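Residue numbers (our numbering): 20 to 241. Beta carbons are placed, not taken as given, at the ideal position from N, Cα and C, and that holds for glycine. Note that this is a predicted model, so its numbers are computed, not measured. In what follows, a structure is listed as structure tokens, so that the remarks can point back to it.
Below is the structure:
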């Protein structure tokens with residue numbers, strides 16, 4: 020039987036980090052023996068760990084939870100949960116409109132197995148048309164997929180009075196491209212001041228919740 024490439028990478032992560040539920044995966048998903056042997060060969064003794072890159076704006080960078088010598092961004096906290104390095108490629112203030120060229124360079128530099136993509140918030144703050152934001156985001160998703168990476172797409176709340184839900188184009192992009200979409204990653208935080216450093220950016224506790232959502236989504240592919 021066939022397994023998806025994302026499932027393949029996730030099992031590789033679990034093998035590398037030594038998580039015990041790999042055997043459960045084999046039983047429940049009937050992972051082909053040759054796939055298991057190939058994974059073990061690739062990741063034996065900690066060689067060639069999967070490369071995970073978090074790409075985005077200030078929400079990826081960790082604004083509100085970074086200071087001298089302290090990094091409580093969601094990539095840093097996800098890295099601790101996985102036991103793997105998660106490369107933080109967050110640039111505060113970046114817009115999807117201009118991020119594509121930087122993503123191209125990041126893909127070439129790291130050749131990631133997984134890209135966690137979170138862009139579009141600054142575009143909405145500047146009142147760009149939704150169809151244009153969607154076009155730019157989809158172009159980035161396509162570029163990542165064409166590079167051989169799997170994509171985890173994080174949604175950003177649309178600009179309503181209460182930030183209750185993600186802008187609809189995130190779901191549309193996921194449906195059109197088949198990438199893993201984690202809905203309401205940030206919107207659940209905005210109603211709780213104890214999780215926010217300001218009106219837009221979470222604090223360390225808020226980013227911990229985001230990291231946990233991503234971690235559980237990766238485990239949930241099993």
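In this structure residue 234 is in contact with residue 100, their Cβ atoms being roughly 5 Å apart against a cut-off of 8 Å.
Excluding five sequence positions before and after residue 230, the CB atoms of its chain that fall closer than 7 Å to its own CB belong to 93, 96, 97, 100, given in chain order. Contact between residue 174 and residue 142 is ruled out by a C-beta separation of about 13 Å, above the 8 Å threshold. With 16 or more other Cβ atoms inside 10 Å of its own Cβ, residue 76 counts as buried. Around the beta carbon of residue 153, a 10 Å sphere encloses 16 or more other beta carbons of the protein chains shown; the residue is thus reported as buried. Only buried fits residue 193, as 16 or more other CB atoms lie within 10 angstroms of its CB.
Taking C-beta separations shorter than 7 Å and ignoring five residues to either side along the sequence, the partners of residue 158 in its chain run 119, following chain order. In summary, residue 170 is buried, with 16 or more beta-carbon neighbours lying within 10 Å of its beta-carbon over all protein chains present. Scanning 68, 70, 78, 71 for the CA closest to the CA of residue 225 turns up 78. With contacts defined as CB atoms closer than 8 Å, residue 136 and residue 103 fail to qualify as a contacting pair.
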